[in-house]
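One rule links them: number in the numbering used here = place in the sequence shown (from 1) + 226.
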Amino acid sequence: MTTKQPRLNVVLEPSIYETLYKMSKREGLSMSLVARDLLREALNIHEDAFWAKSAAEREKSLPSKKTVRHKDVWGS
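Below, the structure is given as C-alpha coordinates:
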(Lines of atoms letter the chains of each structure in order from A; the text may use other names.)
(Lines give C-alpha, C1' and ligand atoms only; values in the text may rest on other atoms or scores of the structure.)
Protein backbone atom coordinates (compact mmCIF):
# COMPACT_ATOMS: atom_id res chain seq x y z
CA MET A 227 0.00 0.00 0.00
CA THR A 228 1.55 3.29 -1.06
CA THR A 229 0.92 6.54 0.71
CA LYS A 230 1.46 10.19 -0.07
CA GLN A 231 2.55 10.91 3.50
CA PRO A 232 6.23 11.82 3.96
CA ARG A 233 8.41 9.18 5.60
CA LEU A 234 11.09 9.53 8.26
CA ASN A 235 13.65 6.99 9.43
CA VAL A 236 14.78 7.39 13.03
CA VAL A 237 17.48 5.61 15.00
CA LEU A 238 16.35 5.01 18.60
CA GLU A 239 18.12 4.05 21.77
CA PRO A 240 17.10 0.54 22.88
CA SER A 241 15.21 1.85 25.93
CA ILE A 242 13.16 4.25 23.82
CA TYR A 243 12.45 1.50 21.29
CA GLU A 244 11.23 -0.82 24.06
CA THR A 245 8.98 1.87 25.51
CA LEU A 246 7.53 2.61 22.09
CA TYR A 247 7.04 -1.11 21.45
CA LYS A 248 5.21 -1.61 24.76
CA MET A 249 3.01 1.44 24.18
CA SER A 250 2.06 0.22 20.72
CA LYS A 251 1.10 -3.23 22.02
CA ARG A 252 -0.88 -1.77 24.92
CA GLU A 253 -2.78 0.62 22.65
CA GLY A 254 -3.19 -1.83 19.78
CA LEU A 255 -1.53 0.53 17.31
CA SER A 256 1.53 0.32 15.13
CA MET A 257 4.78 1.68 16.47
CA SER A 258 4.72 4.19 13.62
CA LEU A 259 1.36 5.61 14.72
CA VAL A 260 2.42 5.81 18.36
CA ALA A 261 5.67 7.56 17.38
CA ARG A 262 3.76 9.97 15.13
CA ASP A 263 1.33 10.85 17.92
CA LEU A 264 4.16 11.37 20.41
CA LEU A 265 6.01 13.62 17.95
CA ARG A 266 2.84 15.62 17.33
CA GLU A 267 2.34 16.09 21.07
CA ALA A 268 5.98 17.11 21.57
CA LEU A 269 5.75 19.64 18.73
CA ASN A 270 2.59 21.13 20.25
CA ILE A 271 4.36 21.51 23.60
CA HIS A 272 7.36 23.09 21.87
CA GLU A 273 5.09 25.49 19.96
CA ASP A 274 3.24 26.48 23.15
CA ALA A 275 6.57 27.23 24.86
CA PHE A 276 7.71 29.31 21.88
CA TRP A 277 4.55 31.44 21.87
CA ALA A 278 4.59 31.84 25.66
CA LYS A 279 8.17 33.14 25.47
CA SER A 280 7.26 35.41 22.55
CA ALA A 281 4.27 36.82 24.45
CA ALA A 282 6.38 37.45 27.55
CA GLU A 283 8.96 39.35 25.49
CA ARG A 284 6.28 41.45 23.82
CA GLU A 285 4.65 42.17 27.16
CA LYS A 286 7.95 43.60 28.47
CA SER A 287 8.12 46.08 25.58
CA LEU A 288 4.49 47.18 25.85
CA PRO A 289 4.19 50.76 27.17
CA SER A 290 2.21 50.76 30.41
CA LYS A 291 0.22 53.80 29.23
CA LYS A 292 -1.35 51.61 26.53
CA THR A 293 -2.47 48.87 28.90
CA VAL A 294 -5.76 48.43 30.72
CA ARG A 295 -5.86 46.68 34.08
CA HIS A 296 -7.75 43.41 34.37
CA LYS A 297 -9.94 44.89 37.11
CA ASP A 298 -10.93 47.82 34.89
CA VAL A 299 -11.96 45.53 32.04
CA TRP A 300 -13.61 42.65 33.92
CA GLY A 301 -14.53 44.30 37.20
CA SER A 302 -12.80 41.81 39.47
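Positions of the beta carbon are idealized from the N, C-alpha and C atoms, including for glycine.
- Secondary structure of LEU234 (DSSP, three-state): coil.
- The segment 249 to 262 and the segment 279 to 286 do not touch, with fewer than 3 CB-CB distances between them shorter than 8 Å.
- No Cβ-Cβ contact shorter than 7 Å links LEU269 with MET257.
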